[in-house]
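A short write-up of the structure that comes next.
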Amino acid sequence: MRLNILLWTVVLFASCNGQKVEDEIENSIDTDKKELVIIFNRLEPNTVFHDRSSDGVESFQYMREGFYDPNLHIRVSHDIDFRKKVITRKDLDSKIVWFDQEMGYTDWFHLSSLETYFIIYEDDYLVKGSLDPDYEFKVYEVSISTGGIM
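In structure tokens, the structure reads:
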């Protein structure tokens, strides 16, 4: 199975001939910080929400399709043992922040070099007053996985 995924990935990249297949973030990730905050659009049309909460403990998963290849997808999951915290705008300004609307499938695929990911919902991020340095955002630790149908 892993060999199939590796071969499929090589074929995919070889078929692109080094060209960008979609607009992708040009920022490099600062791997010394080992964490990234993604402003995540949970309302994006190709994104499906799965509530996995139980006994009052929050757990969820978002699955997104609709990339340049219809077989590709990403999963963003907040599991029961993951952290949920609050961060101020002032503290957020010192973090690496990416906007999911600017990310292509390859950006999601290459995120494996980091250890910790957090999301802030875009609709929570873009509210009146959110530029105030003391404004507080709810931040969820998540795991990110990518895949496709072979």
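If you read the sequence shown in UniProt numbering, its first letter stands for residue 1, the second for the next number, and so on.
By construction, the Cβ of each residue, glycine as well, lies at the ideal position given by its N, Cα and C atoms.
Could you give the C-beta distance for residue i and residue j, rounded to a whole number, given that I count them as a contact under 8 angstroms?
i: residue 140; j: residue 39; result: About 12 angstroms separates the two Cβ atoms, so there is no contact after all.
i: residue 109; j: residue 142; result: Actually they do not touch by this definition, with Cβ atoms about 16 angstroms apart.
i: residue 37; j: residue 84; result: Not quite, the Cβ-Cβ distance comes to about 13 angstroms (not below 8 angstroms), so this is no contact.
Please list, in chain order, all residues of the same chain as residue i whose beta carbon is under 8 angstroms from its beta carbon, the five residues on each side excluded.
i: residue 61; result: 49, 50, 52, 75, 76, 77 and 78
i: residue 134; result: 88, 89 and 90
i: residue 122; result: 39, 40, 41, 42, 43, 99, 100 and 101
i: residue 137; result: 86, 87, 88, 89, 92, 120, 124, 125 and 130
i: residue 73; result: 63, 64, 65, 67, 146, 147 and 148
Using the Cβ count rule (16 or more neighbours within 10 Å means buried), how would you classify residue i?
i: residue 46; result: exposed
i: residue 71; result: exposed
i: residue 64; result: buried
i: residue 81; result: exposed
i: residue 22; result: No answer about residue 22 holds up, because its pLDDT of 41 lies below 50 and its placement is not dependable.
i: residue 55; result: exposed
Keeping to the same chain, check which residues put their C-beta closer than 6 angstroms to that of residue i; ignore five residues upstream and five downstream.
i: residue 67; result: 105
i: residue 35; result: 116
i: residue 111; result: 144
Going along the chain, which residues of its own chain have a beta-carbon closer than 7 angstroms to the beta-carbon of residue i, five neighbours each way excluded?
i: residue 132; result: 89
i: residue 57; result: 80
i: residue 97; result: 37 and 39
i: residue 59; result: 52, 53, 78, 79 and 80
Checklist line | Complete runs of the alpha helix (DSSP H) confined to the stretch 75-108 [at least 4 residues] | finding: Counting whole runs of 4 or more residues, the stretch 75-108 contains the alpha helix (DSSP H) stretches 89-92.
Next item on the list: Run through the stretch 46-76 for me and flag every whole beta strand (DSSP E) of 3 or more residues, listed as ranges in chain order.
Entry: Segments of the beta strand (DSSP E) lying fully in the stretch 46-76: 47-51 and 60-64.
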